[in-house]
Amino acid sequence: MEDLKRTALHAWHVAHGGRMVPFAGWEMPVQYPTGPLAEHQATRRAAGLFDIDHMGQVEVRGPQAADFVNRMVTYDITKMKLLDAHYAIFCYANGGCVDDLFVYKLPDPAGRDGKEYYFLAINASNREKDVTWLTAHAGNYDVEVKDISDKTYMMAFQGPKAPELMNRLTRADLSQMARFSAIQDEVFGGVPVLLGRTGYTGEDGFELFFPVEAALQIWQGILDAGEGDGVKPVGLAARDSLRFEACMPLYGHEIDANTTPVEAGLGFALSLEKKFIGRDALLKQKLEKPDRVLIGFEMIERSVPREGYEVSSGGRVVGKVTTGMYAPTLEKYLGMAYLPRELSARGTEIEVNIRGKTVKAQIVKRPFYIPAYRR
Amino acid sequence: MKIDPNARYTQSHEWVRKDGDLLVYGITDHAQNALSDIVYVELPSIGDKFAQGESLGTIESVKAASDLTMPIEGEVTEVNEALFNSPEVVNSDPYGEGWMVKIRPANPADWDSLLTPESYEKLEGE
Numbered sequence: 116m117e118d119l120k121r122t123a124l125h126a127w128h129v130a131h132g133g134r135m136v137p138f139a140g141w142e143m144p145v146q147y148p149t150g151p152l153a154e155h156q157a158t159r160r161a162a163g164l165f166d167i168d169h170m171g172q173v174e175v176r177g178p179q180a181a182d183f184v185n186r187m188v189t190y191d192i193t194k195m196k197l198l199d200a201h202y203a204i205f206c207y208a209n210g211g212c213v214d215d216l217f218v219y220k221l222p223d224p225a226g227r228d229g230k231e232y233y234f235l236a237i238n239a240s241n242r243e244k245d246v247t248w249l250t251a252h253a254g255n256y257d258v259e260v261k262d263i264s265d266k267t268y269m270m271a272f273q274g275p276k277a278p279e280l281m282n283r284l285t286r287a288d289l290s291q292m293a294r295f296s297a298i299q300d301e302v303f304g305g306v307p308v309l310l311g312r313t314g315y316t317g318e319d320g321f322e323l324f325f326p327v328e329a330a331l332q333i334w335q336g337i338l339d340a341g342e343g344d345g346v347k348p349v350g351l352a353a354r355d356s357l358r359f360e361a362c363m364p365l366y367g368h369e370i371d372a373n374t375t376p377v378e379a380g381l382g383f384a385l386s387l388e389k390k391f392i393g394r395d396a397l398l399k400q401k402l403e404k405p406d407r408v409l410i411g412f413e414m415i416e417r418s419v420p421r422e423g424y425e426v427s428s429g430g431r432v433v434g435k436v437t438t439g440m441y442a443p444t445l446e447k448y449l450g451m452a453y454l455p456r457e458l459s460a461r462g463t464e465i466e467v468n469i470r471g472k473t474v475k476a477q478i479v480k481r482p483f484y485i486p487a488y489r490r
Numbered sequence: 656m657k658i659d660p661n662a663r664y665t666q667s668h669e670w671v672r673k674d675g676d677l678l679v680y681g682i683t684d685h686a687q688n689a690l691s692d693i694v695y696v697e698l699p700s701i702g703d704k705f706a707q708g709e710s711l712g713t714i715e716s717v718k719a720a721s722d723l724t725m726p727i728e729g730e731v732t733e734v735n736e737a738l739f740n741s742p743e744v745v746n747s748d749p750y751g752e753g754w755m756v757k758i759r760p761a762n763p764a765d766w767d768s769l770l771t772p773e774s775y776e777k778l779e780g781e
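Right, dumping it as structure tokens:
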């Protein structure tokens, strides 16, 4: 494959039958011999381990770190306690999305003012764009923006069995760890790890950040510890079907420079009472109600809706599928699309153009799969 | 990859096997492995006629949709309806329960134009 970057686990993936594909400039496993459907099920029933080192990490430090980060993201980070983690979005002034990310507020005893610093987990496809975006806006603030992606490894361990298994491997007791919080701890006798009780699957579990050198040790260590419990390595295909069932957006599909968090229904990531880049546009859009909104639909006639397929109503093309597929847990053919707000009511019948054939579908409630931590 | 020694093959990784006057058709083990998990199969109707190489349906995996192509000119006489509810059977038993359609060939001699198991094996190896 062309000039694709490789994670430290590339050789492991290949040796274990990982099917390698290009993604965001990296060569990543789309699946293992287990297969995307079984990897998806394993994550929902036991736990799955994901190599997501292609993603990026940025540290923001300095006396004005809080002010700066709060200006750049949609969520009011002053509401966060130390060791909280929260979903947020970087927006352009017109409300379009630069990227979606997770913000961690972490203690920084070694820092210049000993208060806190901000750790940002960003998308692989937007790494350079995000760092450029941040540094371009940092000039007026006493802050330091550091891209630490190259030395930070990222993995996800997700599934109902992940908390108990992870707890056996950490020094700290994770049993009281709240969802959307973080802990700085050690695993496997001294490897420092930042654990977030976060994830992109709709299951309980963690995202792990640690030094690159420990990648194989941690990867193999978790797989070995979880082998008897059905823990499997999981590729990008299942990662996509898992997040899709939980209706979590994927940049480039549900959100991009031409869509806003208001249209995408991401209100929980917006603190419109505070000032941030894009806030005025988003507030206006929210008050006036957006012209189009992201909906979920279920095929009435069996067929596979895929991204890019046109959606029609009354014979008129009104939108396009952002993501669509066979949903393995729900055993249905589902999709998401932006439709005019007046056509977005639940129960509305629409048609999807599936390779030249008009196939009936119906708008349904999102999320298709209610995340485990929301039940 | 497994091969059925009683079948003949196409360049696009499909097999056909004689069943009296008719031919049974499906995709090979190589094809199902390359596609990975199959989530949907769209098959033609009984009575549909196709020229050789024409698309007779679609097979959809998690990531993509692929055409099923007519191995030789003929008419569809039977369709494996079980695949609508259980497309995964194509993965687990591509030469048996994963059969897709039965065809009445327009020219029975077209059987000779198909790849023998040995020729297909060589093609697979490339």
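Just so you know, the protein sequences line up as chains D and G, in that order. Note that the working numbering has the first sequence beginning at 116, numbered continuously upward. Note that the working numbering has the second sequence beginning at 656, numbered continuously upward. Cβ atoms here follow ideal geometry from the backbone N, Cα and C, with glycine treated the same way. It should be emphasised that the depicted structure is a prediction, and the values quoted were computed from it without experimental measurement.
**Study point:** Neighbourhood of residue 703 of chain G by C-beta, 8 Å cutoff - its chain only, sequence neighbours within 5 removed
**Key:** 711, 730 and 731
Point to revise | Neighbourhood of residue 360 of chain D by C-beta, 7 Å cutoff - its chain only, sequence neighbours within 5 removed | key: Same-chain partners within the cutoff: 317, 442, 444, 445, 483 and 484.
**Study point:** residue 469 of chain D - partner residues in DSSP beta bridges
**Key:** D:472
Practice item. Tell whether a beta-carbon distance below 7 Å holds between residue 479 of chain D and residue 424 of chain D. Key: no
Exercise for review: Determine the extent of the alpha helix (DSSP H) in which residue 775 of chain G is found, giving its start and end residues.
Suggested key: Run containing residue 775 of chain G: 772 to 780, per the alpha helix (DSSP H) assignment.
Practice item. List the whole-angstrom C-beta distance separating residue 258 of chain D from residue 205 of chain D, where the pair is believed to meet the contact cut-off of C-beta under 8 Å. Key: So it is not a contact: roughly 15 Å between Cβ atoms.
Review point. Identify the residues that DSSP records as bridge partners of residue 277 of chain D: which are they?
Key: For residue 277 of chain D, which the question treats as bridged, DSSP gives no partner whatsoever.
Point to revise | Assigned secondary structure, residue 753 of chain G (DSSP; H/G/I helix, E/B strand, else coil) | key: coil
Check your understanding: For the alpha helix (DSSP H) that contains residue 240 of chain D, what are its first and last residues?
Key -> From DSSP, residue 240 of chain D is part of no alpha helix (DSSP H); its letter is neither H nor E.
Practice item. Just the chain G side, please: which residues come within less than 7 Å of residue 497 of chain D by C-beta, in chain order? Key: Because chain D here runs from 116 to 490, residue 497 of chain D falls outside it and cannot be looked at.
Exercise for review: Return the Cβ separation of residue 332 of chain D and residue 267 of chain D in integer angstroms, given the expectation that the two are a contact with Cβ distance under 8 Å.
Suggested key: That belief does not hold up - the Cβ atoms of residue 332 of chain D and residue 267 of chain D are roughly 15 Å apart, past 8 Å.
Review point. Smallest Cα separation from residue 426 of chain D: which of D:401, D:400 and D:463?
Key: D:463
Check your understanding: Do you know offhand how far residue 372 of chain D's Cα is from residue 211 of chain D's?
Key -> The straight-line gap from Cα to Cα measures roughly 5 Å.
Practice item. Give a yes or no on whether 7 Å exceeds the smallest Cβ distance from residue 484 of chain D to chain G. Key: no
Review point. Taking the continuous alpha helix (DSSP H) assigned at residue 461 of chain D, which residues delimit it?
Key: Note, residue 461 of chain D: premise wrong, no alpha helix (DSSP H); not H, not E.
Exercise for review: Select from D:251, D:383, D:389 and D:396 the residue whose C-alpha is nearest the C-alpha of residue 363 of chain D.
Suggested key: D:383
Exercise for review: Leaving aside the five residues before and after residue 688 of chain G along the sequence, list all residues of the same chain whose C-beta is less than 7 Å from its C-beta, in chain order.
Suggested key: 656
Point to revise | Three CB pairs or more closer than 8 Å across the segment 275 to 294 of chain D and the segment 149 to 167 of chain D | key: yes
Check your understanding: At least one CB of chain D closer than 7 Å to the CB of residue 679 of chain G: is that the case?
Key -> no
Check your understanding: So the alpha helix (DSSP H) residue 747 of chain G belongs to, where does it begin and stop?
Key -> 744 to 747
Point to revise | Under 7 Å from the C-beta of residue 146 of chain D: neighbouring residues of chain G | key: 691
Review point. Going by Cα to Cα distance, which pick from D:315, D:406 and D:475 is closest to residue 415 of chain D?
Key: D:475
Practice item. In the DSSP assignment, find the unbroken alpha helix (DSSP H) run with residue 402 of chain D in it and report its ends. Key: That run of the alpha helix (DSSP H) goes 394 to 403.
Practice item. Closer than 7 Å by beta-carbon distance: list the chain G residues that pair up with residue 352 of chain D, in chain order. Key: Within chain G, the residues near residue 352 of chain D are 717 and 718.
Practice item. Please look up how many angstroms separate the CB atoms of residue 124 of chain D and residue 166 of chain D, rounded, as I've assumed it's under 8 Å. Key: 5 Å
Point to revise | Any C-beta of chain G under 7 Å from that of residue 479 of chain D | key: no
**Study point:** Alpha carbon of residue 239 of chain D to alpha carbon of residue 715 of chain G, nearest angstrom
**Key:** 28 Å
Practice item. Report all residues from its chain with a CB closer than 8 Å to the CB of residue 747 of chain G; omit the five preceding and five following residues, and keep chain order. Key: 753
Review point. Excluding the five sequence neighbours on either side, which residues of its own chain have a C-beta within less than 6 Å of the C-beta of residue 672 of chain G, listed in chain order?
Key: 661, 662 and 679
Practice item. Sort out for me which residues DSSP pairs residue 212 of chain D with in a bridge. Key: DSSP lists D:206 as partners of residue 212 of chain D.
Exercise for review: Pick out whichever of D:440, D:246 and D:429 has its Cα sitting closest to the Cα of residue 419 of chain D.
Suggested key: Closest by alpha carbon: D:440.
Point to revise | Buried or exposed (CB count within 10 angstroms, at least 16 for buried), residue 682 of chain G | key: buried
Check your understanding: Which of the three DSSP states, helix, strand or coil, is assigned to residue 105 of chain D?
Key -> Since the first and last residues shown for chain D are 116 and 490, residue 105 of chain D lies out of range.
**Study point:** Contact belief for residue 322 of chain D with residue 236 of chain D at Cβ below 8 Å, rounded distance in angstroms
**Key:** 7 Å
Point to revise | chain D contact for residue 775 of chain G (CB, 7 Å cutoff) | key: no
**Study point:** Member of G:726, G:735 and G:674 whose CA lies at the smallest distance from the CA of residue 709 of chain G
**Key:** G:726
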